[in-house]
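What follows is a short report on a single structure.
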Amino acid sequence: TSPTDLTLIESSQLVSSTPPGQSPPALIQSADDAEKTKETEEEEDDKTGAMGVRSLREALCNNTYFRAIAIGCMLSAFQQFSGVNVVISRSNAIFAKSGVTGFYASLASLGVTVLNLVTTLFASRLVETM
-3 TSPTDLTLIE SSQLVSSTPP GQSPPALIQS ADDAEKTKET EEEEDDKTGA MGVRSLREAL
57 CNNTYFRAIA IGCMLSAFQQ FSGVNVVISR SNAIFAKSGV TGFYASLASL GVTVLNLVTT
117 LFASRLVETM
């Protein structure tokens, strides 16, 4: 191999990828070997999820993930008890009882619904990026 076909391995890779009792890999490897290593790592990432969990069962058995899943489910349930769905579905009547009538009550109700949609889309985007 020529010097241009060689790739240096970072020392952090040596520490994290060397199992106990085994000698570390060579400090220099060919470009072909580096490409094979990268492909193997990508295939392993495809088999596992974004957090390194392969299945729902594995996530539920891990205390950290179980806690996060449980909190998410509880928040979803409490959101249903908060009554936001009732407020949105009865918003015309609520606005009518508060003195807003006719077209303006429908317009205010539409505003509440649009606001709910926008905040839901924002929250969804925020959750997906985390």
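With the working numbering applied, the sequence shown covers -3 to 126.
For glycine and all other residues, C-beta sits at the position ideal for the given N, C-alpha and C.
**Prompt:** Excluding five sequence neighbours on each side, which residues of the same chain lie with their C-beta closer than 7 angstroms to the C-beta of VAL109?
**Reply:** Counting from 1 along the sequence shown, the entry for residue 109 is found at position 113. The question names Val, yet the displayed sequence has Thr at residue 109. Closer than 7 angstroms at the Cβ level, and outside the excluded window around THR109, lie ILE84.
**Asked** Within 7 angstroms: the Cβ of ASN88 and any heavy atom of the ligand GTP?
**Response** Of the ligands one can find in the structure shown there are none, so the ligand GTP has no counterpart to examine.
**Asked** What three-state label does DSSP hand THR115 in the structure shown?
**Response** Against the sequence shown, residue 115 aligns to sequence position 119. Note: THR115 maps to helix in three-state DSSP.
**Asked** Going straight from the alpha carbon of LEU71 to that of TYR100, what length do you get?
**Response** Sequence index remark: in the sequence shown, residue 71 carries index 75 (1-based). Sequence index remark: in the sequence shown, residue 100 carries index 104 (1-based). Going by the C-alpha atoms only, they are around 33 angstroms apart.
**Item:** Buried or exposed by the 16-neighbour rule on C-beta atoms within 10 Å, applied to MET91
**Value:** Position 95 of the sequence shown, counting from 1, holds the residue named residue 91. The sequence shown places Phe at residue 91, not Met. Answer is buried; the Cβ neighbour count reaches 16.
**Prompt:** Leaving out the 5 sequence neighbours to the left and right, which residues in its chain are closer than 6 angstroms to SER87 when beta-carbon positions are compared?
**Reply:** Counted from its first residue, the sequence shown places residue 87 at position 91. Closer than 6 angstroms at the Cβ level, and outside the excluded window around SER87, lie SER105, VAL108.
**DSSP-derived helix/strand/coil call for THR59** = As a working note, residue 59 is residue 63 in the sequence shown. Correcting the residue type first, residue 59 is Asn in the shown sequence and not Thr. Three-state DSSP puts ASN59 in a helix.
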